[in-house]
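Under the UniProt record's numbering, residue 386 is the last one in the sequence shown; the count climbs by one each step, no gaps.
Even for Gly, the Cβ is constructed at its ideal location relative to N, Cα and C.
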Amino acid sequence: MFLPDSALIEAVSSSFSQQFDYQAPTLVQAPGRVNLIGEHTDYNDGFVLPCAINYHTLVACAKREDNIVRVYSVDYQQVDEFDVSQPIVAHPEYMWANYIRGVAKHLLARGYQFGGADLSVSGNVPQGAGLSSSASLEVVIGQVFKTLYDLNISQQEIALNGQEAENKFVGCNCGIMDQLISAEGQQSHSLLIDCRSLETKAVPMPENMSIVIIHSNVKRGLVDSEYNTRREQCEAAASALGVKALRDVSVEGLDQKLASLPIDVAKRARHVVTENYRTTEAARALSQGDMRYLGELMAQSHASMRDDFEITVPPIDYIVDLVKEVIGDEGGVRMTGGGFGGCVVSLVPPHLVEPLKAALAQKYQAKTGIKETIYVCRALNGAGAL
Numbered sequence: 001m002f003l004p005d006s007a008l009i010e011a012v013s014s015s016f017s018q019q020f021d022y023q024a025p026t027l028v029q030a031p032g033r034v035n036l037i038g039e040h041t042d043y044n045d046g047f048v049l050p051c052a053i054n055y056h057t058l059v060a061c062a063k064r065e066d067n068i069v070r071v072y073s074v075d076y077q078q079v080d081e082f083d084v085s086q087p088i089v090a091h092p093e094y095m096w097a098n099y100i101r102g103v104a105k106h107l108l109a110r111g112y113q114f115g116g117a118d119l120s121v122s123g124n125v126p127q128g129a130g131l132s133s134s135a136s137l138e139v140v141i142g143q144v145f146k147t148l149y150d151l152n153i154s155q156q157e158i159a160l161n162g163q164e165a166e167n168k169f170v171g172c173n174c175g176i177m178d179q180l181i182s183a184e185g186q187q188s189h190s191l192l193i194d195c196r197s198l199e200t201k202a203v204p205m206p207e208n209m210s211i212v213i214i215h216s217n218v219k220r221g222l223v224d225s226e227y228n229t230r231r232e233q234c235e236a237a238a239s240a241l242g243v244k245a246l247r248d249v250s251v252e253g254l255d256q257k258l259a260s261l262p263i264d265v266a267k268r269a270r271h272v273v274t275e276n277y278r279t280t281e282a283a284r285a286l287s288q289g290d291m292r293y294l295g296e297l298m299a300q301s302h303a304s305m306r307d308d309f310e311i312t313v314p315p316i317d318y319i320v321d322l323v324k325e326v327i328g329d330e331g332g333v334r335m336t337g338g339g340f341g342g343c344v345v346s347l348v349p350p351h352l353v354e355p356l357k358a359a360l361a362q363k364y365q366a367k368t369g370i371k372e373t374i375y376v377c378r379a380l381n382g383a384g385a386l
């Protein structure tokens with residue numbers, strides 16, 4: 001089993017002892033994720049193809065004899081405390097604490113019974129990069145209570161509980177993909193997720209490929225309002241086409257079906273419908289090791305996000321072009337995440353990782369004035385105790 005970063009293990013273990021005056025008996029982790037293909041399809045009941053990556057949220061933890069949960073955040077150097085036998089309300093100041101309180105509150109509301117715990121929490125999932133640091137926190141807290149109190153809860157329900165906590169307690173709208181991949185990821189595999197049925201299918205990743213994530217470091221303005229607009233446009237398209245969700249529209253004769261819709265709504269719908277098709281095809285290409293076809297699908301996905309969904313920005317498009325120059329048809333590259341900045345995901349043969357880093361270092365900042373950040377990842381297991 002791949003262990004989280006040793007510095008992370010040391011940070012949570014030593015801070016636990018300092019904070020609580022005894023040693024933590026248990027370590028629990030949940031990973032971040034990257035989505036290889038299937039963008040803005042999750043809230044349209046569609047398909048996504050993410051994998052869990054080797055960046056984690058890690059918790060050193062112990063059961064308590066009472067109902068008090070004490071939490072130390074290593075990253076914020078702040079302490080929170082709440083009682084699971086009393087109504088759990090939002091913390092007046094600490095945003096991070098509300099993810100933990102929300103997960104506990106919603107687990108209790110689902111009928112799971114548990115008492116108090118001491119927790120020391122830290123993570124190295126980059127924040128604001130669209131790699132799901134918040135979902136990883138929600139999932140790890142669910143996993144902590146499952147582990148400490150031997151709760152009879154499935155990984156899928158841990159994910160659903162995390163999503164519910166984020167939607168209802170923290171107050172952020174999100175689909176189910178991020179929590180599900182963090183809870184259910186499999187080493188050396190991506191997961192084809194049907195966001196309607198929540199069925200998952202493990203798809204083997206080629207051994208000879210590195211997952212290279214390039215953070216554009218573009219400040220993401222407008223992302224919330226634009227996300228909500230896109231969501232409304234997709235719902236309007238589904239309604240006009242007489243279907244429950246855009247997932248129910250096939251690619252056959254698509255332009256004819258969309259002809260009567262307002263142009264922006266039609267473009268958004270075309271992206272989602274074609275992206276669903278590309279995502280299931282990408283799972284097939286990956287499982288057959290057909291990197292050339294996968295690369296074509298990722299390129300089509302990026303063009304669709306740029307031209308039909310209109311969520312890319314020039315620095316992101318430039319990174320995609322640079323990567324394509326280096327890898328040719330030996331891999332794939334596209335923007336990943338909500339859009340308007342964020343990250344590019346690429347599948348790169350190991351021998352081209354260093355040339356790719358060099359090309360980015362030489363050209364990206366010179367063109368945009370912004371320095372990129374690069375994460376070389378591999379696909380890992382989802383949440384669990386170490």
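Report yes if the CB atom of residue i is closer than 8 Å to the CB atom of residue j, and no otherwise.
i	j	result
V348	V212	yes
R33	I181	yes
N54	L380	yes
M298	T312	no
C343	G185	no
S15	Y72	yes
Between the Cα of residue i and those of the options, spot the shortest distance and give me the residue it belongs to.
i	options	result
C172	V223, K219, Q187, F145	V223
C195	G46, A282, K267	G46
E325	D75, I311, S304, L352	L352
D290	L241, E235, R231, P206	P206
L58	G130, Y22, Q143	Q143
Which value, in whole angstroms, describes the spacing of the CA atoms of residue i and residue j?
i	j	result
D308	T274	10 Å
S210	S188	11 Å
E372	K219	12 Å
S132	D178	6 Å
A183	P204	18 Å
N167	G38	21 Å
T229	G337	16 Å
L107	D255	45 Å
H302	V333	8 Å
N161	G384	16 Å
A366	P314	14 Å
H215	S85	42 Å
V28	S190	22 Å
I88	S346	42 Å
T280	R247	12 Å
R70	R306	46 Å
S134	Q127	8 Å
A283	I153	28 Å
According to the neighbour-count rule (16 or more other Cβ atoms, all chains shown, within 10 Å of its Cβ), is residue i buried or exposed?
i	result
A7	exposed
D80	buried
N208	exposed
R110	exposed
I believe residue i touches residue j by the beta-carbon criterion, under 8 Å. Please report the beta-carbon distance rounded to the nearest angstrom.
i	j	result
residue 437	L192	A query on residue 437 cannot be resolved here, the shown segment of the chain reaching from 1 to 386 and no further.
D118	A62	5 Å
N102	R64	Reading the sequence as shown, one finds Gly at residue 102 and not Asn. At roughly 20 Å, the Cβ-Cβ gap does not stay under 8 Å, so G102 and R64 are not in contact.
A30	Y99	About 12 Å; that fails the 8 Å criterion.
Y364	Y293	Not confirmed; about 28 Å, so no contact.
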